[in-house]
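Asks: This note's numbering applies: residue 307 is where the sequence shown begins, and numbers increase by one.
Glycine is no exception: its CB is placed at the ideal position from the N, C-alpha and C atoms.
Since the structure is predicted, the reported quantities are computational estimates derived from the model, not experimental observations.
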Amino acid sequence: MRIVINNELNKFYSYEELKGFFLRFSKLPGFSLEQIGLSEEGEPIELLSYRQPAQRVSGKPKCNSILLYGGEDASEPIFSQTIFWLLSELSNADSQIHRFATNWHFVSCINPDGYKKNSGWLNHPGDMNCFLENSWEDIHSRMIFWKSKERMEHKALKRAIALSNPDFIYNMHDESHFPAEGYKFAFSSPLNLELLNPHLERVKDFMDVSSEELLITDCYGRDPRFSVYPAFEANNEVFAFLNESCGYKLKTDTSPGIFIDIGSPIYDAIKKFKKLQIENFSEELQSSLFHTDLLIDSIEGKEEFNSKMLSITGYGLNHLISKGVKAASEIKEIYQEHINTHFQNTYDPIPVWQQVFTQIDFLFTILEIKGILVN
Ligand SMILES: [Zn+2]
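#1: Does the pairing of the stretch 587-596 with the stretch 622-631 give three or more beta-carbon distances under 8 Å?
#2: Among the residues of its own chain, which have a CB less than 6 Å from the CB of F484, if the five just before and after it don't count?
#3: Could you give the residue range of the alpha helix (DSSP H) that holds L339?
#4: Under the DSSP definition of a beta bridge, which residues are partnered with W410?
#5: Measuring CB to CB, does I618 end up less than 9 Å from S441?
#6: With a 10 Å radius around its C-beta and 16 neighbouring C-beta atoms as the bar for buried, classify F605 as buried or exposed.
#7: Using only the alpha-carbon positions, how far apart do Y375 and I467 sit?
#8: Report the three-state DSSP secondary structure of T523 (helix, strand or coil).
#9: Within 8 Å: the Cβ of D400 and any heavy atom of ligand 1?
#10: DSSP puts F474 in a beta bridge; with which residues?
#11: Rank A407, F390, V658 and V631 by C-alpha distance to the C-alpha of G677 and give the top, closest one.
#12: Any idea what DSSP makes of I351, helix, strand or coil?
#13: Count the other CB atoms, across all protein chains shown, that sit within 10 Å of the CB of A486; report buried if there are 16 or more and exposed otherwise.
#14: With a threshold of 8 Å, are at least 3 pairs of Cβ atoms found where one atom belongs to the stretch 570-586 and the other to the stretch 650-669?
#15: Quick check: what's the CA-CA separation for F538 versus G336?
#16: Would you say the beta carbon of H479 is closer than 8 Å to some non-hydrogen atom of ligand 1?
#17: Run through DSSP, which three-state label would S551 get?
#18: Once the 5 residues before and after L499 are set aside, which same chain residues still bring their CB inside 7 Å of it?
#19: For ligand 1, is there a heavy atom less than 8 Å away from the beta-carbon of D514?
#20: Can we count D379 as close to ligand 1, meaning its CB is less than 8 Å from some heavy atom?
#21: In three-state terms, what does DSSP make of Y621?
#22: So does E550 have its beta carbon nearer than 8 Å to some heavy atom of ligand 1?
#23: Does the pairing of the stretch 412-427 with the stretch 493-507 give three or more beta-carbon distances under 8 Å?
#24: With distance defined between alpha-carbon atoms, name the residue in V662, F512, I416 and S320 nearest to S533.
#25: Is E610 near ligand 1, going by C-beta to nearest heavy atom under 8 Å?
#26: Since I believe S397 is in contact with L329 (beta carbons under 8 Å), could you give me their beta-carbon distance rounded to a whole number of angstroms?
#27: With distances taken Cα to Cα, identify the nearest neighbour of A633 among E347, K580 and Q665.
#28: Out of curiosity, what's the CA-to-CA distance linking Y319 and L506?
#29: In the DSSP assignment, what are the bridge partners of P655?
#30: On the DSSP bridge list, what partners appear for K490?
#31: Since D444 sits in a beta bridge, which residues does DSSP pair it with?
#32: Please classify P472 as buried or exposed, where buried requires at least 16 neighbouring CB atoms within 10 angstroms.
#33: Give the DSSP-derived three-state secondary structure of D400 in the structure shown.
#34: Quick one: grab the DSSP three-state call for H430.
#35: List the DSSP bridge partners of H479.
#36: Using only alpha-carbon positions, find the residue among G343, K629, H411 and Q665 that is nearest to S355.
Okay, structure coming up:
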């Protein structure tokens, strides 16, 4: 189906806006809203469902239900716009989206506390300095890998899975994984990748599709550490898929990849920051220390350097500065310098509407491949 998106769209929804439109849509025909849990800080996590009128689902549907969620990684807000677009289409009885014969279920935000911590940059996508000032990310053992301790947020997701009993699960991310820069996706079981070529053709001007790592895995979620794992316990046939759209694209006239040498000023600054965090350690610094260690590992392992990961540690720098640790201000200046010379000049931000188009085109492509399109 044709996907039409306003090409001036270039912001993400704040957490308040996200809650607001969930409530608004819940009052429209076909929709219903249910609270499925609370975050650790007491924010409600909700499930908004759209059920097809019975006459639309004639014959035996191959898919009764699809569950969509995002925000697992706190600094990846793309799902807010992707979900809004889908809800708008579902609220329009004449939309082509109704050719997909399925009931739709959307989780409001699986990590509200983390999402709220990122609110300062959501109106300025692509501005890495603003991202340095305002971004925040959980350590991986708290969100994307959660073997050690089940969080309240995961209980909510389990509840969403139980209530929606999905045949399909779509988990939406946007790039900030380490050290990824390119477009990525993952499937819970193998898929004939040639069938994705029309999709890649449609998004190749938007996304960095050059990477050989387009496919992260074809067993996504089947490891008990992953958030989606309870879905396989409930129904081993469920097909889960993940999309990680890009927020940045390498400028065409620059050479790919940034590699940092041991002994360079940015390496020294990162090592100094690590020392400061250990000396002044508090729980507030857990996340930035975790990401600082990843950055050090990448330099020492001679891997490509991820400047967005560097920005995620800005939360820790600002925390130390607020505590009067003067050396943190100097480190922040070096970080800003690196971002301005090695990132802003090397990468172009991808407008939000192109990221949304990519996520929706991917979703519809998968549903078509799986035969969910009727008439
Ligand atoms: Zn992610």
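Replies: Working from what's here:
#1: Because the criterion of three Cβ pairs below 8 Å is met, the stretch 587-596 and the stretch 622-631 touch.
#2: Note that F484 has pLDDT 41, beneath the 50 cutoff, so the model's placement of it is unreliable and no number is given.
#3: Looking at the DSSP string, L339 is not in any alpha helix (DSSP H); the run it does join, the beta strand (DSSP E), is F337 to L344.
#4: Bridge partners of W410: Y356 and I372.
#5: In this structure, I618 sits near S441, with a CB-CB distance shorter than 9 Å.
#6: Looking at the sequence itself, residue 605 is Ile, so the reference to Phe does not match. Per the 10 Å Cβ criterion, buried.
#7: Whole-angstrom Cα-Cα distance: 11 Å.
#8: Strand, per DSSP.
#9: No, ligand 1 has no heavy atom inside 8 Å of this Cβ.
#10: F474 pairs with I372 and F545.
#11: Checking every option, the nearest Cα to that of G677 belongs to A407.
#12: Shown here, I351 sits in a strand according to DSSP, grouped into three states.
#13: Its pLDDT being 49, under 50, A486 is placed unreliably in this model, and the coordinates cannot settle the point.
#14: The stretch 570-586 vs the stretch 650-669: no contact.
#15: Straight across, the Cα-Cα distance linking F538 with G336 is about 28 Å.
#16: With a cut-off of 8 Å, the C-beta of H479 is classified as near ligand 1, since at least one heavy atom of the ligand falls inside that distance.
#17: The answer is strand: DSSP assigns S551 an E or B state.
#18: Excluding positions up to five away in sequence, the list reads L521.
#19: No, ligand 1 has no heavy atom inside 8 Å of this Cβ.
#20: Yes, ligand 1 has a heavy atom inside 8 Å of this Cβ.
#21: Residue state, collapsed to three classes: helix.
#22: Checking the Cβ of E550 against ligand 1 gives yes.
#23: Result no; under three Cβ-Cβ pairs closer than 8 Å.
#24: Distances from the CA of S533 to each of V662, F512, I416 and S320 were compared; the closest alpha carbon is that of I416.
#25: Incorrect: E610 has no Cβ contact closer than 8 Å to ligand 1.
#26: About 13 Å separates the two Cβ atoms, so there is no contact after all.
#27: Of the candidates E347, K580 and Q665, the one whose C-alpha sits nearest the C-alpha of A633 is K580.
#28: Answer to the nearest angstrom: the Cα atoms are 26 Å apart.
#29: For P655, which the question treats as bridged, DSSP gives the partners Y554.
#30: Within the DSSP secondary-structure output, K490 pairs in a beta bridge with E550.
#31: DSSP, once it has assigned bridges, lists no residue as partnering D444.
#32: Counting Cβ neighbours within 10 Å, P472 comes out buried, since at least 16 surround it.
#33: DSSP places D400 outside both helix and strand once states are collapsed to three, so it counts as coil.
#34: Correct three-state label for H430: coil.
#35: H479 pairs with E550.
#36: Nearest neighbour of S355 by Cα position, chosen from G343, K629, H411 and Q665, turns out to be H411.
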